[in-house]
Structures are given as C-alpha cells and as structure tokens.
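Okay, structure first, notes after.
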Amino acid sequence: MRVHTGEKPYTCDQCGKSFTRSAYLKYHMNIHTGEKPYKCSHCDKRCSLLRDIKRHERIHTGEKPYTCDQCGRSFTQLGHLKHHMNIHTGEKPYKCSHCDKRFSRIGAIKTHERIHTGEKPYTCDQCGKSFTRSAYLKHHMNIHTGEKPYECSHCDKRFSLLRDIKRHERIHTGEKPYTCDQCGKSFTRSGTLKYHMDMHTGEKPYKCSYCDKRFCRSGEIKIHERTHTREKPYTCDQCGKSFTRSGTLKYHMDIHTGEKPYKCSYCDKRFSRSGDLKTHERIHTGEKPYTCDQCGKSYTRLLCLKKHMNIHTGKEPYKCSHCDKRFGLLSHLKTHERIHTGERPYHCTDCGKCFKHSSSLHSHTKKTITLIEENKEQKESSEVEEKNHVKTGDKI
C-alpha cells in the first residue's frame, strides 16, 4: 500500500532520510556507521549494503539481468537500463537553467550544471582533490590504492576500472559501438562521439579569456588556456617533466616503460598507442583524412590541418616574450624564442652536441651514421687488402 500512498514511516535520525521498510533503514544506517558486513566472494571488496555487493559481483560474473525489450541489450543495473531506454523514446524532460541543453535524467542535468556553476561535491579524503562526479572520484582513488583488478584478455595490461578495460579491449577487437546518427561514423568511446557531434551542431559556448577562440567543452578551454598561462599540472614521477595534458603525460610514460604493443602491418615499426600506429600507417597507404574546406588540401594528421588553417584565418595568438613577433602555433613560438634564449634542447647521444631544432639533430645523426659506415667500410677494405698482401707474400 505504501507504494501508492507514498508513506515512509522509517526515518534515519542521522540525516532525516525516510524509507518504506525498516530493513531499508537498517541497510542505510551502515553508511553512517561505516560498517561493511557484505564481502565479495571473488575479491576483497566489502560493501555496506547487500544490493551494492550484488551489483559489484556482476563485474566478476558478467551477469546482466536487465534487458532492453526494444533492442535486446543487457545491463548490470536497472538504472542503466532506464537510462538506455531514453535512446529509444528520445524523451529529454530536464532542461539546463544555464543553457539550452536537455537531458533524460535528473542526475544527468545536475552533473551537467556543475560545468556552469563550477561545483565539485566529491572530494578525495587522501589529497583533497575535488570532482564533479562520484565516478571520477572512484577512478582517482585508484591512484592512491594502486588496485588494478581487471586484466585484458588479449594482452597483459591491467586496469582499475571495468569501463577502462572495456575501452582498451576495443583496441584489439576493433569494436566501435558508438555511431553518429547524422553521418554514420562510428567510435570506440561515447566521449569521442560527443566531441564529433559538435561538427554537426557547431555549438561553441566556451570562450577563451585570453583570445577569441571558442570551444564546445569546458575541458577543452581549460587545456587551451594553459597555452597562454604555461601551466603544466601533470608531472612525471620518474623524471619530473611536466605537461599541460594528462594524455601527453601518459604518452611520455612510454619512454620509461618502453612498451610498444602495436606493430605496423606494412613494416617492423612498433608503437605504444593505437592512434600513433594509425597515423604512421597513412605513410604507407597514402590516406589523408583531414581536408581543408577552404582550398581542398588534405593531411594525414588533424594537427597539420589546424596548422594549415592559420594561412586562411591569419590567426597568430602566440606572441614572443622577447620581441613583437607573433605565431599561429605554440610550437613555432617555442622554436622562435630559442633565437633569443640560445636554448638547444636536442642532444646527440654519441658526441654530446646540442641543437635548437629536432630536424638539425636528425640531420646531424644521419651524417654521423654515414661517416661511421664510411670509416667502417674503409677499415674493412684495408683489412682485406692487408690479408691479400700477406697471402701473396708482397711486402706492405
């Protein structure tokens, strides 16, 4: 009857939350006491509530009891199924009070509105870092615990979150479950699809506070503004080098680990990331997927297209701190500033000579290799000649 009347006679004296059953109140009290009586039968995880341990154990068993009657897709949690059903109904009753975006769930709109308000209610009790989502906090906590319970079934890589291993395994399987309903292009991640959709909508609500550049996402503007502030919040714990992006730090870490699981299907070159392999293989295939809509010129990399676009736009947001020269790309500014500072960051490992440009080091290395090979050939030739003289009895 309480389902119909809405009556909730059992109230928590700690926080005031009410329940229809006394058992639900008892479960709830474990949140306040910290008691975790339910232990996972597959790992050491413990939970306060029976329903939470049941949900958790589905990670190990792979059980997905909630199935969509429209498309047959299954889920581990009822909430996930409800969220999924909105794909079929298209219903989005919740509108953001700061912009025109609409959402199918109240939880989703609350999370979204934090982009505008800057609220980060989930705080790490180890280091004080705060997050907009509880999932981000859980992900972050693995930095402190170091726990990686999920192992890839194709390679030896391990992950702390189930979603991360699912994403990773798509590298091996080639699965791309997220498809654009505008152009049919598919992606391995939902985030990449969302990013792609901005091409169709053209919406860019976030403006840089240092220049006129606009962005679709708050995360992108934060990364971009670091090009102006020079902030580098991601530091390598092996060598102390810092980076503006977490992705760049991950890429850098491969220098220390040396892991290169992705091999080119045309040559023997190996790479640490699938994206780098794809870019490299375009050298062999001749594919140039990034085309300028102004002049039709195509490129193998998105970065090369962006660099090219400055020819048409004339944008030069990066100013030299030593003179009045301006540049369209940060990399060009850094190269230019070495004229003033005299910095030579590229070192030859054979002779110790330093260079301002990576291309100069490359050219030097090629010359060095050529000289070494020539000297080796001369030495071998002299040794052969000497042996021939000894055999024939000629004096040298």
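Residue numbers are given in the working numbering: position 299 of the sequence shown equals residue 342, and the series is strictly consecutive.
Even for Gly, the Cβ is constructed at its ideal location relative to N, Cα and C.
- A straight-line Cα-Cα distance of about 19 Å links H155 and K172.
- In the same chain as E78, and ignoring 5 residues on each side of it, the C-beta atoms closer than 7 Å to its own belong to S91, in chain order.
- One alpha carbon belongs to K163, the other to S261, and they sit about 14 Å apart.
- Cβ-Cβ distances below 7 Å link H183 to C167, K172, F174 in the same chain, with the five nearest sequence neighbours on each side left out; the list follows chain order.
- Below 8 Å, too few C-beta pairs join the stretch 334 to 352 and the stretch 228 to 238 to call them touching: fewer than three.
- For Y179, the uninterrupted alpha helix (DSSP H) segment begins and ends at 177 to 188.
- Around the C-beta of T48, fewer than 16 other C-beta atoms lie within 10 Å, and the residue is accordingly described as exposed.
- When C-alpha distances from S196 are compared across H211, I186, E190, S233, the shortest belongs to H211.
- Here E330 is not near S308, since their CB atoms are 8 Å or more apart.
- S147 sits buried, since 16 or more C-beta atoms from the chains shown fall within 10 Å of its C-beta.
- Per DSSP, E106 lies in no alpha helix (DSSP H) segment and is marked neither H nor E.
- Of the residues assessed, Y305 falls on the buried side of the cut-off, its CB having 16 or more other CB atoms within 10 angstroms.
- Nearest to G217 by alpha-carbon distance, out of C347, G318, L124, Y342, is G318.
- Close CB contacts of R344 within its chain, under the 7 Å cut and outside five residues either way in sequence, are with T322, Y333 (chain order).
- R89 carries a strand assignment under DSSP once its states are collapsed to helix, strand and coil.
- Per DSSP, the beta bridge partners of Y81 are C90.
- H400 and F258 have their C-alpha atoms roughly 31 Å apart.
- For E380, the uninterrupted alpha helix (DSSP H) run begins and ends at 373 to 384, by DSSP.
- CA-to-CA, the gap between S285 and M352 works out to about 28 Å.
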